Amino acid sequence: MHTTQGARLALAISALVSSVVIARPMTTLQQLQQQQQQQLTFNVPQQDDTLITFNVDSLFESSSFNQLSPRDQVQLRQYVAQSPEPRLVQLDSFDAAPISITEGHKALLTLQGINFIDVTDDPTNSFASVYSNNKSKGPTYPKKLKLKLRHLQHVYNSIDQQRMMTFITKFTSFRTRHYKSDTGKQSQQFLLQTIKDIVNKGNNIDDMTKSSNVTVREFSHPWGQNSIIVRFEPDSSTVIDERIVILGAHQDSTNLLPWFAAPGADDDGSGTTTLVTTLRALIEFGFKPSDHAVEIHFYSAEEGGLLGSQAVAQSYAQQGKQVLGMLQQDMTSYVKPGTQPVIGIIRDFVNPELTDYISLVVDEFCSIGRVETQCGYACSDHASWSKIGAPSAFAIESKFEDSNKQIHSSGDTIQNVGFSIDHVEQFVRLSIALAVNLGGAKSFVKL
Ligand SMILES: *[C@@H]1O[C@H](CO)[C@@H](O)[C@H](O)[C@H]1NC(C)=O
Numbered sequence: 105m106h107t108t109q110g111a112r113l114a115l116a117i118s119a120l121v122s123s124v125v126i127a128r129p130m131t132t133l134q135q136l137q138q139q140q141q142q143q144l145t146f147n148v149p150q151q152d153d154t155l156i157t158f159n160v161d162s163l164f165e166s167s168s169f170n171q172l173s174p175r176d177q178v179q180l181r182q183y184v185a186q187s188p189e190p191r192l193v194q195l196d197s198f199d200a201a202p203i204s205i206t207e208g209h210k211a212l213l214t215l216q217g218i219n220f221i222d223v224t225d226d227p228t229n230s231f232a233s234v235y236s237n238n239k240s241k242g243p244t245y246p247k248k249l250k251l252k253l254r255h256l257q258h259v260y261n262s263i264d265q266q267r268m269m270t271f272i273t274k275f276t277s278f279r280t281r282h283y284k285s286d287t288g289k290q291s292q293q294f295l296l297q298t299i300k301d302i303v304n305k306g307n308n309i310d311d312m313t314k315s316s317n318v319t320v321r322e323f324s325h326p327w328g329q330n331s332i333i334v335r336f337e338p339d340s341s342t343v344i345d346e347r348i349v350i351l352g353a354h355q356d357s358t359n360l361l362p363w364f365a366a367p368g369a370d371d372d373g374s375g376t377t378t379l380v381t382t383l384r385a386l387i388e389f390g391f392k393p394s395d396h397a398v399e400i401h402f403y404s405a406e407e408g409g410l411l412g413s414q415a416v417a418q419s420y421a422q423q424g425k426q427v428l429g430m431l432q433q434d435m436t437s438y439v440k441p442g443t444q445p446v447i448g449i450i451r452d453f454v455n456p457e458l459t460d461y462i463s464l465v466v467d468e469f470c471s472i473g474r475v476e477t478q479c480g481y482a483c484s485d486h487a488s489w490s491k492i493g494a495p496s497a498f499a500i501e502s503k504f505e506d507s508n509k510q511i512h513s514s515g516d517t518i519q520n521v522g523f524s525i526d527h528v529e530q531f532v533r534l535s536i537a538l539a540v541n542l543g544g545a546k547s548f549v550k551l
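So, in structure tokens, the structure goes:
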């Protein structure tokens, strides 16, 4: 999740920013850099709905800045001064025109809890137009599932919570997985090695007809922490077409400042654990999709404004790769004390048909209920896929209001009250079921 703020703030900013347009979406980066000389002024509502006007540098006078220790204040000023690279950001997923700031300014936005998407590498496509287009086109999905719970029960029985805990314990022990940090690079290397070990174990099975055909690759980013893409090749004798099924989560974490400890257990160590566990199960049972390739993506720099997923999605768009459906899982481990565990199905800024299909999968394969909810903005990496016109959806740990309030703090740990590995397991069930139902299951289950 790339902000701690909810829908109200994002909506309000959206309405206001468009009234003091800094730059139109079609403006080139060069034009925007020229305009950067002008004062960047826009209105942002405070928690109590009163409005203030400020430029980005005025965030140095904000109460969130003043609450920092003197040492952190100095360090943040240095960080901003040392990160002058021009960036274009949209302050939400709506109609707001991108504004031109610096890489360093992004830390100020994060500190202030202002939601942003970094669109520097593709400033021309507005998120808003994509969402309005998405409603009327795209693939259709079956209204009934081919598989039943009993077909996957043996796979679910193999899910090992102890191993999930071992992974997330190590993954959250890096001081931060911030996309620009050294430890963020190390955590990515650890994740990559974990994935390679799982896949290599599958490749050691002697009979190739019974094993998966999987490739693992890094998708390089200039900031150092790379995204990771795992691909299950479909069975070439039965494949229907080249459209891909994608399961995604983000591997990076953040705190309010880049150098603060950010264990990121729930955000999004939990989604990462969900997908690592899904990968392990699919490999163990020799999943070779009969209908469509299935990919598992571990994105870098979601907290930097959906940077990693946008780079991957744009590369797929340029290569003409088609996506059948993409499901993002960001925060899958928290059950608010006193509430029933449920799977939250986000209904805004998603593809409605894919979301309906995923709801069917939850109803059949998960042993807890689901609740429809809203994020209020394009709140995770699925938005990057919507932006290129690919149908995407988002599942989260609860109703949005009941989700974990410890994210983006040093309190987002596996010790946090409400952290539940049982809950993560439900998302593993969803992920396996979606991969097998949409990817095709002829080699995987006996019908
Ligand atoms: C694995 O998939 C690739 C790409 O489709 C294909 O060329 C290769 O023959 C497959 N290998 C096996 C053992 O099926």
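Take the sequence shown: its position 188, counted from the start at 1, is 292 in this note's numbering, and no numbers get skipped.
By construction, the Cβ of each residue, glycine as well, lies at the ideal position given by its N, Cα and C atoms.
In this text, all values refer to a predicted model and were calculated from it rather than measured experimentally.
query                                                                                                                        : result
Straight-line Cα distance separating Thr377 from Ala397                                                                      : 21 Å
6 Å Cβ shell around Pro393 - same chain, five flanking residues per side excluded                                            : Phe336, Pro338, Gly543, Gly544
Heavy atom of ligand 1 within 7 Å of Asn317 beta-carbon                                                                      : yes
Contacting residues, own chain, Cβ-Cβ under 8 Å from Ala571 (five flanking each side not counted)                            : Only positions 105 to 551 of the chain appear in this structure, which leaves residue 571 out of reach.
Terminal residues of the alpha helix (DSSP H) in which Ile205 lies                                                           : Segment 203-206 is the beta strand (DSSP E) holding Ile205; no alpha helix (DSSP H) there.
Selection from Gly373, Thr443, Gly409, Gly390 that minimises the alpha carbon distance to Leu195                             : Gly409
Enclosing beta strand (DSSP E) for Tyr461 [first to last residue]                                                            : It is not in any beta strand (DSSP E) - Tyr461 instead sits in the alpha helix (DSSP H) that spans 456-469.
Delimiting residues of the alpha helix (DSSP H) encompassing His527                                                          : 525-543
Per DSSP, the bridge partner or partners of Leu431                                                                           : Leu351, Ala497
Three-pair Cβ contact test at 8 Å for the region 496-512 versus the region 443-454                                           : yes
C-beta atoms of Tyr260 and Trp327 nearer than 8 Å                                                                            : no
Nearest to Lys248 (by Cα), restricted to the options Lys509, Gln510, Ser463, Gly480                                          : Ser463
Given Arg347 as reference, the closest of Gly522, Met105, Gln297, Pro243 once Cα atoms are compared                          : Pro243
Alpha-carbon to alpha-carbon, Ser490 and Val303                                                                              : 29 Å
N- and C-terminal bounds of the alpha helix (DSSP H) containing Ser82                                                        : Limits of the chain in this structure are 105 at one end and 551 at the other, which puts residue 82 out of reach.
Same chain, Cβ closer than 7 Å to Gln216, neighbours up to 5 away in sequence not counted                                    : Leu163, Ser166, Ser168
Ile447: first and last residue of the uninterrupted beta strand (DSSP E) it sits in                                          : 446-450
Reduced DSSP secondary structure (H/G/I, E/B, other) of Glu337                                                               : coil
Beta-bridge pairing of Gly473 - partner residues as DSSP gives them                                                          : Val446
Whether Asp372 touches Met435 by CB criterion (8 Å)                                                                          : yes
Residue range of the unbroken beta strand (DSSP E) whose run includes Thr276                                                 : Looking at the DSSP string, Thr276 is not in any beta strand (DSSP E), and its letter there is neither H nor E.
Gln519 classed as buried or exposed, judged by whether at least 16 other C-beta atoms fall within 10 angstroms               : exposed
C-alpha gap between Ser204 and Asp225, whole angstroms                                                                       : 13 Å
Leu538 beta carbon less than 8 Å from that of Leu251                                                                         : no
Sub-8 Å separation of Ile536 and Leu256 beta-carbons                                                                         : yes
Classification of Val380 by the beta-carbon crowding that lies within 10 angstroms, buried from 16 upward                    : buried
Beta-carbon contacts of Ile492 that lie in its chain and below 6 Å, excluding the five residues immediately before and after : Ala417, Ala421
For Leu251, the three-state DSSP class (helix, strand or coil)                                                               : coil
Glu406 beta carbon near ligand 1 (any heavy atom closer than 7 Å)                                                            : no
Cα-Cα separation, Gln135 to Ala415                                                                                           : Legend: pLDDT at Gln135 = 40, less than 50; position of this residue unreliable, value from coordinates given subsequently. So the two alpha carbons sit approximately 23 Å from each other.
Enclosing alpha helix (DSSP H) for Gln418 [first to last residue]                                                            : 411-422
C-beta atoms of Gly480 and Asp506 nearer than 8 Å                                                                            : no
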